[in-house]
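>
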Amino acid sequence: MLRIENIAKTFNPGTITEKVALTGLSLHLAPGEFVTVIGGNGAGKSTLMNSIAGTFFVDRGKIFIDGEDITRWPEYRRAKYIGRVFQDPMMGTAAGMMIEENLAIAERRGRRPTLAWSSSEEKRQEYRELLLSLGLGLEDRLESKVGLLSGGQRQALTLLMATMASPKLLLLDEHTAALDPKTAAQVLRITKTIVEGRNLTTLMITHNMRDALALGNRLIMMYEGRILIDVAGEEKKRLTVPDLLKMFEQAAGSEMTSDSLLLS
Amino acid sequence: MDLIIPTISQGLLWSVLAIGVYLTFRVLDVADLTVEGSFPLGAAVAASLLVAGWSPIPAIFVACFAGMLSGVVTGILTTKFKIPALLSGILTMIALYSVNLRVMGKANLPLLRIDTLFTQFGWISEDPQMVVFAVGLFVVLLIGVLCYWFFGTEIGAAIRATGFNPNMIRANGVNTDVTIILGLLLSNGLVAVSGALVAQSNGFADVGMGVGTIVIGLASVIIGEVLFGTASFWRCLISVVLGSVVYRIVIAVVLQMGMPPNDLKLFTAILVAAALALPLLQGKVKERRRRAVD
């Protein structure tokens, strides 16, 4: 579904703030794979995510979705295939617009907007049922402005929006990092239900090793702009946090405290 | 008392400009200075066509189209060439000064004894001021309904979302360059229509009539929002129109009270600066009170 071939990205090349973020990274995701991504600060997790989403272009390498070369596609064009939830709960929704309007925009993701009126009673009924599935009581608040919702509610809504127009690939960029532990757990539960229920090909960055182990059917750990560890299936199921740390030390040849991963 | 109708009429004609400014300043979240050039552009184009013997309604449509083009220029400068929106607007505004002189052939084009929109609808009332009022009201209602419809459509929703959160709307597959250009196009089209109407009501187009229009537009938007609320898009449109009328009334009152007309722009600028600073000052006062309680 997603094929990344040897991509590299350096920010501000040739200046004192030069930052090598990705160094020849390749990755292949089969349809329905749910991959969790971990790694310390500056490992290149977010750069990988943004490279796929098209926030910027990579310096070299190629990115394919479903066999189509999207390497030079602008961000808005890739949105046809990609659903995204950002770390910042403010990023994924339009605060000044109603829940209903946000959902209507998400439902049209990747389709050219027309001069048709944006909402209808039929749609509203559909939205109510979708919101009901979140179990957050949002189904009665279609006309509330999204800015009135809590961070957790906004992330859950963004998740719903990102998956409404069935994406070929779902990108979750530390989407629970800005939430309190209880809300984060709730949003993760919703994530699991949606992704596994609909068998969505998903890439989820997390700063929490336990979440990375508990969710998904494949795990990759990034280090200095490349993939260091890649485990899937039964092997991943048996993995524990100490196992991961040991694997990291062997692969990277340096020691990592669990803190620097958990808390970064 | 006999000043009330003309004052409200002026407010209505200028409220079309205010709606245009609202579309950029609030909906798109950019301060677009193109307005200072597209307002006299609309006046210049309409006046020149009227002098050349065109009938008023087609002349206003051409003026609107010219205004839209100027909005597109600013839009391309800011989206395709990444020039900050404020500077893009200033560049177009300055360029339009020359364009407007070329359109008119001179700095001031009188419309004496020339058929305008308001003489054409002279049958409405004996009193020319009532005609301006009626025509102005009709035009504003028409534009208000069209705006409400358009911003409720999928494209309109995409433009509004661009102003609130460009990241979000890009992630949903919309090219924000297009929505920004479209927003500036609509805004400046309306501003040019306002210029065309004001020129016909005043009986002349002048190359200098754009000076300060952005501030007048902002004053109308802010007064409207403060006095009449912003609960929904429809409510915002009504607020902006009423804000424009109230602004004209305020101006008429201070002039009656003896303020020299030359100080008008100073007065308007202070009014807008104060209104824009108000939320921050209120916050500071609250903060200080809270600290005092603690």
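Residue numbers (the working numbering), protein chains in the order written: chain A, 2 to 265; chain B, -7 to 286.
The beta carbon of each residue, even a glycine, is placed where N, CA and C say it ideally should be.
1. Contact defined as beta carbons within less than 8 Å: I believe G165/B pairs with A213/A. What is the distance between those atoms, to the nearest angstrom?
2. Does Q274/B come out as helix, strand or coil in the three-state DSSP assignment?
3. Among G43/A, M2/A, V86/A, which has the Cα closest to the Cα of T159/A?
4. Would you say P114/A reaches chain B, if we count a Cβ-Cβ gap shorter than 8 Å as a contact?
5. Put I0/B into one of helix, strand or coil per three-state DSSP.
6. From what residue to what residue does the beta strand (DSSP E) around Y224/A run?
7. Write down every uninterrupted run of the alpha helix (DSSP H) in the region 186 to 267 of chain B whose length is 4 residues or greater and which is fully enclosed by it, in chain order.
8. Please determine, among G226/A, R199/A, D231/A, the residue with the shortest C-alpha to C-alpha distance to G45/A.
9. Quick one: Cα of G234/A to Cα of I191/A, how far?
10. I want to verify the contact list: residues of chain B whose CB lies under 7 Å from the CB of M223/A, in sequence order.
11. Grouping DSSP H, G and I as helix and E and B as strand, with all else coil, what is T48/A?
12. State the CB to CB distance for the pair P168/A and Y82/A, rounded to an integer number of angstroms; the pair is presumed to be in contact (CB under 8 Å).
13. So, with DSSP's three-state summary, where would you put T94/A?
14. When Cβ atoms are compared, which residues of the region 134 to 157 of chain B fall closer than 7 Å to chain A?
15. With DSSP collapsed to three states, give me the class of G144/B.
16. Tell me the rounded alpha-carbon separation between L263/A and F35/A.
17. Report the neighbours of R162/B on chain A: residues whose CB is nearer than 8 Å to its CB, in chain order.
18. Helix, strand or coil for T11/A? Go by DSSP, reduced to three states.
19. Assuming A36/B and A197/B make a contact with CB atoms under 8 Å, what is their CB distance in whole Å?
20. Is I17/A helix, strand or coil by DSSP?
21. Using the C-alpha atoms, what's the distance from A105/A back to E236/A?
22. List the whole-angstrom C-beta distance separating L42/B from I82/B, where the pair is believed to meet the contact cut-off of C-beta under 8 Å.
23. Taking 8 Å as the CB-CB limit, is G181/B close to chain A?
24. Below 8 Å on the Cβ atoms is my contact criterion, and I expect T202/A with L3/A to pass it. Report the Cβ-Cβ distance as a whole number of Å.
25. Considering only the alpha carbon of each residue, which of G33/A, N218/A, R239/A lies closest to D67/A?
26. According to DSSP, is G25/A helix, strand or coil?
27. Give the DSSP bridge partners of F65/A, in chain order.
28. Give a yes or no on whether 8 Å exceeds the smallest Cβ distance from G93/A to chain B.
29. Quick check on G216/B - is its C-beta less than 8 Å from some C-beta in chain A?
30. Flag I191/A as yes if its beta-carbon sits less than 8 Å from any beta-carbon of chain B, otherwise no.
31. Please list, in chain order, all residues of the same chain as T171/B whose beta carbon is under 6 Å from its beta carbon, the five residues on each side excluded.
32. Judging by CA-CA distance, which residue of V238/B, F142/B, G216/B is the nearest neighbour of Q2/B?
33. Using the rule of at least 16 other Cβ atoms within 10 Å of the residue's Cβ for burial, across every protein chain shown, is E19/A buried or exposed?
34. Helix, strand or coil for R112/A? Go by DSSP, reduced to three states.
35. Of all the residues that make up the region 164 to 180 of chain B, which are near chain A by a beta-carbon distance shorter than 8 Å?
36. Could you please give the first and the last residue of the uninterrupted beta strand (DSSP E) stretch that includes A233/A?
So, to answer that:
1. Going by Cβ atoms, the distance from G165/B to A213/A rounds to 29 Å, so no, they are not a contact pair.
2. helix
3. V86/A
4. yes
5. helix
6. 219 to 224
7. 205 to 220, 225 to 248
8. G226/A
9. 22 Å
10. Those do not exist, as M223/A stays about 23 Å from chain B at its closest Cβ, beyond 7 Å.
11. helix
12. 6 Å
13. coil
14. G144, T145, E146, I147, A149, A150, R152, A153, F156, N157
15. coil
16. Its pLDDT being 47, under 50, L263/A is placed unreliably by the model, and nothing is read from it.
17. E76, Y77, A80
18. strand
19. 5 Å
20. coil
21. 41 Å
22. The Cβ separation is near 29 Å, so there is no contact.
23. no
24. 7 Å
25. G33/A
26. strand
27. R4/A, D70/A
28. yes
29. no
30. no
31. A150, I151, T154
32. V238/B
33. exposed
34. coil
35. N164, G165, V166, N167, T168
36. 227 to 233
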